[in-house]
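A short worksheet on the structure shown next.
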Amino acid sequence: MGVGTPLMAIIKSVSAWGMTVLTRYPGVVAVFGFAAGVSSFFLVEREQEIFAQALSILMLASWLWLVAENLLHRQIKRWFDVSLPRPILKFLTQLVHQESLFFVIPFFFVTTAWNSGQAIFTTLLIGFGIISILDPLYYRWLSRRRWLYFIYHSVTLFAVLLTALPMLLHIPTGTSYLHALVIAVILSVFSVERDLPWRWYWSTLMVAVLMAAAIGFGILVRPWVPPASLWLTDVAITSEIDNAQRAPQNKLLVVSEGQLKKGLYAYTSIHAPRGLHERIYHEWTLNGETVDRIALDIHGGREEGYRAWTHKLNFPLQSQGHWQIRVTTEAGQLIGILRFSVVEALRGQIHRVDS
Numbered sequence: 128m129g130v131g132t133p134l135m136a137i138i139k140s141v142s143a144w145g146m147t148v149l150t151r152y153p154g155v156v157a158v159f160g161f162a163a164g165v166s167s168f169f170l171v172e173r174e175q176e177i178f179a180q181a182l183s184i185l186m187l188a189s190w191l192w193l194v195a196e197n198l199l200h201r202q203i204k205r206w207f208d209v210s211l212p213r214p215i216l217k218f219l220t221q222l223v224h225q226e227s228l229f230f231v232i233p234f235f236f237v238t239t240a241w242n243s244g245q246a247i248f249t250t251l252l253i254g255f256g257i258i259s260i261l262d263p264l265y266y267r268w269l270s271r272r273r274w275l276y277f278i279y280h281s282v283t284l285f286a287v288l289l290t291a292l293p294m295l296l297h298i299p300t301g302t303s304y305l306h307a308l309v310i311a312v313i314l315s316v317f318s319v320e321r322d323l324p325w326r327w328y329w330s331t332l333m334v335a336v337l338m339a340a341a342i343g344f345g346i347l348v349r350p351w352v353p354p355a356s357l358w359l360t361d362v363a364i365t366s367e368i369d370n371a372q373r374a375p376q377n378k379l380l381v382v383s384e385g386q387l388k389k390g391l392y393a394y395t396s397i398h399a400p401r402g403l404h405e406r407i408y409h410e411w412t413l414n415g416e417t418v419d420r421i422a423l424d425i426h427g428g429r430e431e432g433y434r435a436w437t438h439k440l441n442f443p444l445q446s447q448g449h450w451q452i453r454v455t456t457e458a459g460q461l462i463g464i465l466r467f468s469v470v471e472a473l474r475g476q477i478h479r480v481d482s
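Numbers 128 to 482, taken from my numbering, label the letters of the sequence shown in order.
Here it is as structure tokens:
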């Protein structure tokens, strides 16, 4: 008998016990994932990110194990004399989906602009979370439809990476989006590649086509995906900024044409993870048409958010109508929207924001 035999026996025994517990109480994983997501969100919001980063690493580690088990199934059996039966592997995959979805949903729920196309993506994630905890839907409907399952698997991994990468690597939202998209597509495609019913050369061709199509689609719908690591903490349309306090002096909803002669400020306070440096834009639009696009650089690390503003002095001759300032990332992802109206008469109101 080899030296590793007692160790492998212990591993098998612990694994069997763990599977018994998880099978008996499957909802525990969903509750853990949701609690981890909520706690991570509030820890990140308060700049206490070490625990949130540890949970993100745990989520990514579970996906690495899942991908390794799918890709290296035979090698693992040969090296460690351990082989998971397919039903158990499917059950563990469901648990990874559960913990991942309920981890990311709190982030996307808060950062979604619900009056935009982002609502579709976040609603989809919530639907995925519900499916993950309902066995009849997950096994009898989703798992039997391989292409739907592939989409489900890919989007879940993509959402986890989109949430975790800015916290762990402090890379800008646009860069983390591309990294998350490419990694999710590659790992998801290769994890289902062995299930394709064709010869290796046809399977290789289909994998290449599938990867290109998925990445292209992901880039196309990027404006509909919320930036999970950025959200507005305070906003205002104002006629004056207190530079010492870095705060608006008033908040306006309706502005007269006379006030425009002195210019208007669009004030935003944006929360970002510590160490993240991001370029954002204020896009000023009148009745749906873009009038101006002004860049701002923000830095993460402040609990109340990074305070920045744009000061617009030049307005069109015909300025009456409905104005919006769309706050977006450099890659075009929407962070939030400020709204105000320009009328002939002077009216002061409290601002309104959708974010």
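Heads up, the beta-carbon is just placed ideally off N, CA and C, and yes, glycines get one too.
- When DSSP states are grouped into helix, strand and coil, Trp-241 belongs to the coil group.
- Per DSSP, the continuous alpha helix (DSSP H) segment holding Leu-284 begins and ends at 273–296.
- Gly-385: member of the alpha helix (DSSP H) spanning 384–387, first to last residue.
- Less than 8 Å separates the beta-carbon of Pro-400 from that of Pro-293.
- Under the three-state reduction of DSSP, Pro-299 is assigned to coil, being neither helix nor strand.
- In the same chain as Ser-243, and ignoring 5 residues on each side of it, the C-beta atoms closer than 7 Å to its own belong to Leu-461, in chain order.
- Beta-bridge partners of Asp-369 (DSSP): Ala-374.
- Within a 10 Å sphere around the beta-carbon of Arg-453 sit 16 or more other beta-carbons, which makes this residue buried.
- Three or more Cβ pairs closer than 8 Å define a contact, and the region 331–347 meets that threshold against the region 296–312.
- Taking C-beta atoms as the reference points, Arg-434 and Arg-349 fail to come closer than 8 Å.
- Boundaries of the beta strand (DSSP E) around Tyr-433: 433–439.
- Ranked by how close their Cα comes to the Cα of Glu-226, the residues His-306, Thr-283 and His-398 have Thr-283 in first place.
- Taking each of Leu-357, Leu-359 and Val-316 in turn and checking the Cα distance to Met-338, the smallest one comes out for Val-316.
- For Gly-428, the closest of Leu-219, Gly-402, Glu-416 and His-438 by C-alpha to C-alpha distance is Gly-402.
- Taking 8 Å as the cut-off, the Cβ atoms of Leu-391 and Ser-366 count as close.
- Using a Cβ distance threshold of 8 Å, Thr-395 and Leu-440 do not count as a contacting pair.
- Check the Cα spacing between Ile-397 and each of Asp-419, Val-336 and Asp-424: the tightest is with Asp-424.
- For Val-470, the closest of Arg-267, His-426, Gly-463 and Leu-387 by C-alpha to C-alpha distance is Leu-387.
- Taking C-beta atoms under 8 Å as the contact rule, Ala-286 and Met-186 fail to qualify, at a distance of about 10 Å.
- Secondary structure note for Ala-393: its beta strand (DSSP E) is the uninterrupted segment 391–398.
- Nearest to Gly-385 by C-alpha distance, out of His-404, Ser-446, Trp-192 and Phe-236, is Ser-446.
- In the displayed model, Leu-261 falls within coil according to three-state DSSP, outside both helix and strand.
- In the three-state reduction of the DSSP assignment, Phe-442 falls in the coil class, being assigned neither a helical nor a strand state.
- Here the C-alpha atom of Thr-331 lies approximately 15 Å from the C-alpha atom of Ala-341.
- Boundaries of the beta strand (DSSP E) around Glu-410: 404–413.
- Check the Cα spacing between Phe-229 and each of Ala-307, Ser-166 and His-438: the tightest is with Ser-166.
- With respect to the 8 Å criterion, Thr-455 and Pro-353 are not classified as neighbours on the basis of their beta carbons.
- The shortest CA-to-CA distance from Glu-457 to any of Thr-250, Leu-305 and Asp-369 is the one to Leu-305.
- Excluding five sequence positions before and after Phe-248, the CB atoms of its chain that fall closer than 6 Å to its own CB belong to Trp-351 and Val-352, given in chain order.
- About 6 Å separates the beta carbon of Ala-393 from that of Ile-364, a gap short enough to meet the 8 Å contact definition.
- DSSP places Leu-357 outside both helix and strand once states are collapsed to three, so it counts as coil.
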